[in-house]
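Trainee: Take this structure first; my questions come after.
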Amino acid sequence: MKTLFLALSLSLATTTALAAGSHDHQHHTTAAIGEPGQGKPISSTVAVVMSDNMRFEPAQIKVKAGETIRFAVKNTGKLQHEFTLGSQSDLLQHYEMMKKFPNMQHEEPNTLSLAGGTEGELLWHFNQSGEVHFACLFPSHFQAGMKGKIHVQR
Ligand SMILES: [Cu+2]
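Under the working numbering, read the sequence shown as residues 2 to 155, first letter to last.
Structure, rendered in structure tokens:
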């Protein structure tokens with residue numbers, strides 16, 4: 002299943018890139034959200050809590066363009082939750098895939114999936130100003146409003 006997902010997500014990414022390239026109004030590409038922060042000096046740590054009330058705390062985060070953020074994420078619930086970064090269209094596309102493959106496991110650098118009662122970290126480098134979204138893409142969680150926004154300031 003893991004391999005299948007990777008293959009699907011690669012082909013989706015390629016399709017998105019091709020589609021975006023053929024239009025002038027391209028504004029939501031994966032590149033726009035930044036890149037994995039591994040190996041870069043960390044500008045600051047942001048603590049994020051995920052819980053079974055289907056919320057992130059905080060749900061609104063402010064960072065500055067050029068910063069590499071260490072997200073220290075804690076799942077205080079009993080259920081599995083995930084912290085996935087993306088543009089709104091990335092997340093919606095991914096969510097559609099989660100509905101088809103609900104047991105999908107992710108190991109991409111923009112996702113941190115945590116079992117109940119565990120914690121972990123995700124390093125992300127924000128390279129341009131704008132908005133980056135995050136969500137837990139388990140279908141019932143996403144529908145319940147388990148999402149938030151990172152405001153990347155100039
Ligand atoms: Cu969740």
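Note that CB positions come from ideal geometry on N, CA and C, so glycine has one too.
Mind checking whether the beta-carbon of M147 lies closer than 6 Å to any heavy atom of ligand 1?
Mentor: Within the cutoff, so yes.
Trainee: Give the range of the beta strand (DSSP E) segment to which Q61 is assigned.
Mentor: Counting along the chain, the beta strand (DSSP E) containing Q61 begins and ends at 61-65.
Trainee: Would you mind sorting A136 into buried or exposed? The rule is 16 or more other CB atoms within 10 Å of its CB.
Mentor: Burial call: buried.
Trainee: Shortest alpha-carbon distance to F72 belongs to which of N54, E97, S45?
Mentor: Looking at the Cα atoms, S45 is the closest of the given residues.
Trainee: Compute the Euclidean distance between the alpha carbons of F143 and L113, then round it to the nearest angstrom.
Mentor: Distance between the alpha carbons of F143 and L113: 15 Å.
Trainee: From what residue to what residue does the alpha helix (DSSP H) around S52 run?
Mentor: No alpha helix (DSSP H) contains S52, which is instead part of the beta strand (DSSP E) from 45-52.
Trainee: Can you give the Cα-Cα distance for N1 and D53, rounded to whole angstroms?
Mentor: Since the displayed the chain opens at 2 and closes at 155, residue 1 lies outside it and no answer follows.
Trainee: Can you check which of these residues, Q61, G40, S130, is closest to V158 by C-alpha distance?
Mentor: Given a span of 2 to 155 for the chain in the structure shown, any question on residue 158 remains unanswerable.
Trainee: For P42 and P110, which I take to be in contact (beta-carbon distance under 8 Å), what is that distance rounded to the nearest angstrom?
Mentor: The Cβ separation is near 17 Å, so there is no contact.
Trainee: Can you tell which of E68, N76, G67, A33 has its C-alpha closest to the C-alpha of E120?
Mentor: When each option's Cα is compared against that of E120, the closest is N76.
Trainee: Please report the distance separating the alpha-carbon of L86 from that of K100.
Mentor: Near 18 Å, if we compare the C-alpha coordinates of K100 and L86.
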